[in-house]
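Novice:
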Amino acid sequence: MSPAAATGAGGNVALLRATSLSGGYGEADVVREVDLVVSAGECVALLGPNGAGKSTLLRLLAGILPASGGGVELRGRPLAQWRRREIARVVGLVPQHVNFAFPVTVAEVVEQGRAPHLGAWRPAAPRDHAAVAEALRRVGLAGREASGVQRLSGGERQLVLLARALASQPELLLLDEPIAALDIRHQLEFAEILGELVRGGVGAVLVAHDWNFALRLAHRLVVLHHGRVHATGAPPDVLRPELFRAVFGVEVDTLPRGAGPPLFAPRRVAPEEAGRDGKG
Amino acid sequence: MRRAADAGLVVVLLSAVAASLLFAGPAASPGEALAALAGGGPPEVRTIVFDLRLPRLALALVVGASLALAGAALQALLSNPLADPFLLGISGGGAAAATAAYVVLPAAALGLVPAAAMAGAALATGLVWWLARGPLGPSGTRMILAGVAVNAAASAAILTMLALAPSPRLPGVIAVTMGSLASANPGQVAWLTPYILVPGFVLLLHGRDLGLLATGEESAAALGVEVATVRRRVFLAAAALCGGAVAFAGVIGFVGLVTPHVCRLLWGQSTRRLLPRAALAGAALTALGDLVARRALAPAELPVGVVTALLGVPFFVALLRRAP
Chain U
23 MSPAAATGAG
33 GNVALLRATS
43 LSGGYGEADV
53 VREVDLVVSA
63 GECVALLGPN
73 GAGKSTLLRL
83 LAGILPASGG
93 GVELRGRPLA
103 QWRRREIARV
113 VGLVPQHVNF
123 AFPVTVAEVV
133 EQGRAPHLGA
143 WRPAAPRDHA
153 AVAEALRRVG
163 LAGREASGVQ
173 RLSGGERQLV
183 LLARALASQP
193 ELLLLDEPIA
203 ALDIRHQLEF
213 AEILGELVRG
223 GVGAVLVAHD
233 WNFALRLAHR
243 LVVLHHGRVH
253 ATGAPPDVLR
263 PELFRAVFGV
273 EVDTLPRGAG
283 PPLFAPRRVA
293 PEEAGRDGKG
Chain L
203 MRRAADAGLV
213 VVLLSAVAAS
223 LLFAGPAASP
233 GEALAALAGG
243 GPPEVRTIVF
253 DLRLPRLALA
263 LVVGASLALA
273 GAALQALLSN
283 PLADPFLLGI
293 SGGGAAAATA
303 AYVVLPAAAL
313 GLVPAAAMAG
323 AALATGLVWW
333 LARGPLGPSG
343 TRMILAGVAV
353 NAAASAAILT
363 MLALAPSPRL
373 PGVIAVTMGS
383 LASANPGQVA
393 WLTPYILVPG
403 FVLLLHGRDL
413 GLLATGEESA
423 AALGVEVATV
433 RRRVFLAAAA
443 LCGGAVAFAG
453 VIGFVGLVTP
463 HVCRLLWGQS
473 TRRLLPRAAL
483 AGAALTALGD
493 LVARRALAPA
503 ELPVGVVTAL
513 LGVPFFVALL
523 RRAP
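Structure follows, in C-alpha cells:
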C-alpha cells in the first residue's frame, strides 16, 4: 500500500533516481554512495544530524552541485544530459537561505519562478501570470502581491519561497528545512499545503530536523549519517529508539499515541560508548 | 506609473540632448546652433556644433549609459546595493595606467593614453578575477574584497604619480582622476560606440538571470541560471564597459551607483526591466551633468563627476524618502 512498495515493484519510471551518488565541495565527499528513489505523489524525508550531508544531497539531486561518483536520473534521463533551465522546469528547489538584498515585493519574487519557462527575452504572458496567481493562492498569499518581502515574517517568507518554486509548476519539490524558522501554527499550515501538493501528484524530498513533522508528511524516511544512508524505509520501521542513539547520540522517550506511530521526545545525550562523533 | 516614468525618461533624455547642443556655451547662441543643425549658418558655428558639441554630447551619452548599465548589472551580480562600476578595481587599474601614461609619455604620444587606460583596466580585471577565485570559483564577496584591494593599490600608485608628475601634465592627470569629457572628438565616439554594443548586449541578454542572481547563487541555480557562466560573462562585460568609459572620460563617479537605484524606485526591482532604463537614465544624467559642469562657473569647468553627484544624489534621496 505504501508508495515505497510501488516504486520497489519497478512498474513505473521513477521521477528521480539516485544511484550510488557521491559528491561534495572539495577533495572529501560529503555525500557517499547514496541510493534514493522518488516517485510522483511521494514524499521522502531526509533526516540526520547537522553535517550529515542532507543539504548537499539536495544540491546534488537538483544538479546544482556536480556528482563526483554515481549519478542521478530525472524522468529516466541522466541529469548530466539536462540543461539547467530544463531541470528548473521540472525540479523546484526551495533553498534554506535566499538573500533579499533589494526591497522586492512578493509578486516580484514569485514571478521569478517563471524564469525557467521564459528564457532571456520573452516577457510574461497571461499563462505566466496565471501560474503566479495560482501559486500565491495555494500558499494563502493572494492579495499580498505588493507587500515588501523584507517586511514579512519568517513564516510568510518561507511561503513566498514555496510559491516561487510552485510558480514554475514543478513535478518534484526539494525542500531544505522549510519549517526550521516557523512557529507551530505555520508549521501545520505548511504541512497542510505540502500534503495537498503531494496528494496532487507532486514528488517531494524534504530535509527536516523535526521528525514529528517528517512523520506527518513522509511516505518514506531516509536517514543520513556521515554522508551515507544509515536507514531507509517506512517511518514506523525506521524511527526507533536505537536509531536516535546510533545516529543522533541521544536517548529518547517513546510516547505512544492512540492511533498512528508513537512520538519520540529527546531525554538526554546518550553516554559515550553509544555516542556520536564531535561533528555538529 | 511605469508608462509615465518611461515617457518622463524619454523627455528628459531628449531635453538633455537638445540642451547640450543648443545651450552649451557663448560661442554659439541657441538660435545659431539651431540654424547650424538645420544645415545653415556660418561655417564656424557648424564646426562648433558638429565637431565640438556633438562629439562631446555623444561621448557623455555613451559613457553614462555604460556606467549605469555596468552598475545596475554589478549590483545584481554581487547581490550588493552598494556595488558600482568602480568597486571592482577596474576603473582604478584604468586610471592608474592612464595617469602613468600622462606622466611618462612624450607629448606626441599622448594619443595613446586611452589605450593605456584600456590595458590597465583589462589588467585589473584579470587580477581581480584571479584574486577572487576560490574552491568553487569566484564568489561575490571575494570579488568585492579583491576589487577593494586592487583599487587601493591603484589609488596609491595614482597619488604617487601625482606627487611626481611634471606640472604641465597635471591637468591631464586630474581629468583622469576626477572625470572629464573635455577631450571628446569624433574619432573617440566612432570607436567607443560600437565597442560598447557587445558588452551592453551581453548584459541585457542576462537581465533575467541577474535578477535571480541577486537572490543568491543557490537560489539562482535552482531557477535555471548557469551561475558560473553568467557570472564570468557579466563580470567581463561590465569590466569592458567600465574600461571604455574610463579610457575616454576618466573616473566619473555616482552615475553607476545612483542611476540604477533611482530607476529601481521608479520601475521596480525587475532587473530585466531595469537594465535598459538605467542605461538611458545614465546617458541623460551624464549629458546634463556635463552641460552644468561647463556652464555653472563658466569659463571655469567643474569636474563632471561632481555635477553628476550634485544632480543625482538629491533626486535619489528624495525618492528614497518617499519609497514604500
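Listed in order, the protein sequences are those of chains U and L.
Here the first sequence stands for residues 23 to 302, where the numbers follow the working numbering.
Here the second sequence stands for residues 203 to 526, where the numbers follow the working numbering.
All residues carry an ideal CB built from backbone N, CA and C; glycine is no exception.
Which partner residues of residue 309(U) appear in the DSSP bridge assignment?
Specialist: Outside the shown range of chain U (23 to 302) lies residue 309(U), about which nothing can therefore be said.
Novice: When burial is assigned at 16 or more other CB atoms within 10 Å of the CB, is residue 198(U) buried or exposed?
Specialist: What you label residue 198(U) is simply residue 176 of the first sequence in a count that begins at 1. Buried, by the Cβ-count rule.
Novice: Any idea if residue 450(L) is buried or exposed, counting beta-carbon neighbours within 10 angstroms, 16 or more meaning buried?
Specialist: Working through the second sequence from its first residue, we reach residue 450(L) at position 248. Buried, since its Cβ has 16 or more Cβ neighbours within 10 Å.
Novice: Determine which residues of the segment 408-441 of chain L have a Cβ less than 8 Å from any Cβ of chain U, and write them out in chain order.
Specialist: 408, 409, 410, 411, 413, 414, 416, 417, 418, 420, 421, 423, 424, 425, 426, 427, 428
Novice: Sort out for me which residues DSSP pairs residue 100(U) with in a bridge.
Specialist: Looking up residue 100(U) in the first sequence gives position 78. Note: residue 100(U) sits in a beta bridge opposite 95(U).
Novice: Using CA atoms only, rank isn't needed, just tell me which of 370(L), 333(L), 468(L) is closest to residue 521(L).
Specialist: Reading the second sequence from its first residue, position 319 is the one you call residue 521(L). Of 370(L), 333(L), 468(L), the smallest CA-CA separation from residue 521(L) is found for 468(L).
Novice: If we ignore side chains and look at the alpha-carbon of each, how far apart do residue 220(U) and residue 61(U) end up?
Specialist: Stepping through the first sequence from its first residue, residue 220(U) is reached at position 198. Stepping through the first sequence from its first residue, residue 61(U) is reached at position 39. Between residue 220(U) and residue 61(U), the C-alpha separation is close to 10 Å.
Novice: If distances are taken between C-alpha atoms only, which option among 260(U), 271(U), 243(U), 49(U) comes closest to residue 68(U)?
Specialist: For the purposes of this step, residue 68(U) is taken as residue 46 along the first sequence, with counting starting at 1. Among 260(U), 271(U), 243(U), 49(U), the Cα nearest to that of residue 68(U) is on 243(U).
Novice: At 9 Å on the CB atoms, spell out the chain U contacts of residue 466(L), in chain order.
Specialist: Locating residue 466(L) in the second sequence gives position 264, counting from the first residue. Result: 124, 125.
Novice: Does the beta carbon of residue 273(L) sit closer than 8 Å to a beta carbon anywhere in chain U?
Specialist: Locating residue 273(L) in the second sequence gives position 71, counting from the first residue. Not one chain U Cβ lies under 8 Å of residue 273(L).
Novice: Do you know how far the Cα of residue 112(U) is from the Cα of residue 56(U)?
Specialist: Here residue 56(U) corresponds to residue number 34 of the first sequence, with the count starting at 1. Here residue 112(U) corresponds to residue number 90 of the first sequence, with the count starting at 1. Their backbone Cα atoms lie some 22 Å apart in a straight line.
Novice: What does DSSP give as the partner residues of residue 151(U) in its beta bridges?
Specialist: To locate residue 151(U), count along the first sequence from 1; it is residue 129. For residue 151(U), which the question treats as bridged, DSSP gives no partner whatsoever.
Novice: Let's see if you can read the secondary structure: which residues bound the beta strand (DSSP E) around residue 53(U)?
Specialist: Within the first sequence, residue 53(U) is the residue found at index 31, counting from 1. Secondary structure note for residue 53(U): its beta strand (DSSP E) is the uninterrupted segment 51-60.
Novice: So that I know if they touch, is there some Cβ in chain U lying closer than 8 Å to that of residue 387(L)?
Specialist: The residue given as residue 387(L) occupies position 185 in the second sequence. No, its Cβ sits nowhere closer than 8 Å to a Cβ of chain U.
Novice: Given a cut-off of 8 Å on the beta-carbon distance, is the pair residue 204(U) and residue 176(U) in contact?
Specialist: Locating residue 204(U) in the first sequence gives position 182, where the first residue counts as 1. Locating residue 176(U) in the first sequence gives position 154, where the first residue counts as 1. A contact, by the Cβ cut-off of 8 Å.
Novice: Nearest-angstrom Cα distance between residue 142(U) and residue 399(L)?
Specialist: Taking the first sequence and counting its residues from 1, the one referred to as residue 142(U) is at position 120. Taking the second sequence and counting its residues from 1, the one referred to as residue 399(L) is at position 197. Their Cα atoms are separated by approximately 17 Å.
Novice: Is the CB of residue 390(L) under 8 Å away from at least one CB in chain U?
Specialist: Residue mapping note: residue 390(L) aligns to position 188 of the second sequence, counting from 1. By this cut-off, residue 390(L) is not an interface position.
Novice: Evaluate residue 466(L) with the Cβ neighbour count: other Cβ atoms within 10 Å of its Cβ, from every protein chain shown; 16 or more gives buried, anything less gives exposed.
Specialist: Counted from its first residue, the second sequence places residue 466(L) at position 264. That one is buried.
Novice: Given a threshold of 16 other Cβ atoms within 10 Å of its Cβ, counted over all protein chains shown, does residue 255(L) qualify as buried or as exposed?
Specialist: Translated into positions along the second sequence, residue 255(L) becomes position 53. Label assigned to residue 255(L): buried.
Novice: When burial is assigned at 16 or more other CB atoms within 10 Å of the CB, is residue 24(U) buried or exposed?
Specialist: Residue mapping note: residue 24(U) aligns to position 2 of the first sequence, counting from 1. Low local confidence applies: a pLDDT of 43 at residue 24(U) is under 50, so the model's placement there is unreliable, with the coordinate-based value given in what follows. The residue in question, residue 24(U), is exposed, as its Cβ has fewer than 16 Cβ neighbours within 10 Å.
Novice: Return the CA-CA distance between residue 523(L) and residue 470(L), expressed in angstroms with no decimal places.
Specialist: On the second sequence, position 321 is the one that residue 523(L) refers to. On the second sequence, position 268 is the one that residue 470(L) refers to. Roughly 16 Å between the two C-alpha positions.
Novice: Along the alpha helix (DSSP H) that carries residue 214(U), what are the first and last residues, could you check?
Specialist: For the purposes of this step, residue 214(U) is taken as residue 192 along the first sequence, with counting starting at 1. Counting along the chain, the alpha helix (DSSP H) containing residue 214(U) begins and ends at 206-221.
Novice: Is the CB-CB distance between residue 280(U) and residue 187(U) below 8 Å?
Specialist: Against the first sequence, residue 280(U) aligns to sequence position 258. Against the first sequence, residue 187(U) aligns to sequence position 165. In this structure, residue 187(U) does not lie closer than 8 Å to residue 280(U) by Cβ.
Novice: Taking buried to mean at least 16 other C-beta atoms within 10 Å of its own C-beta, is residue 235(U) buried or exposed?
Specialist: The residue you call residue 235(U) lines up with position 213 of the first sequence. With 16 or more other Cβ atoms within 10 Å, it is buried.
Novice: Going by the DSSP bridge assignment, what does residue 189(U) pair with across the sheet?
Specialist: The residue you call residue 189(U) lines up with position 167 of the first sequence. Its beta-bridge partners do not exist; DSSP assigns none.
Novice: Report the residues of the segment 465-493 of chain L with a CB closer than 8 Å to any CB of chain U, ordered along the chain.
Specialist: 466, 470, 471, 472
Novice: For residue 304(L), count the other beta carbons within 10 Å of its own beta carbon; 16 or more makes it buried, fewer makes it exposed. Which is it?
Specialist: Numbered from 1 along the second sequence, position 102 holds the residue referred to as residue 304(L). It counts as buried.
Novice: Going by C-alpha to C-alpha distance, which of 213(U), 231(U), 239(U) sits closest to residue 246(U)?
Specialist: Start at 1 with the first residue of the first sequence, and residue 246(U) comes out as number 224. That would be 231(U), whose Cα lies nearest to the Cα of residue 246(U).
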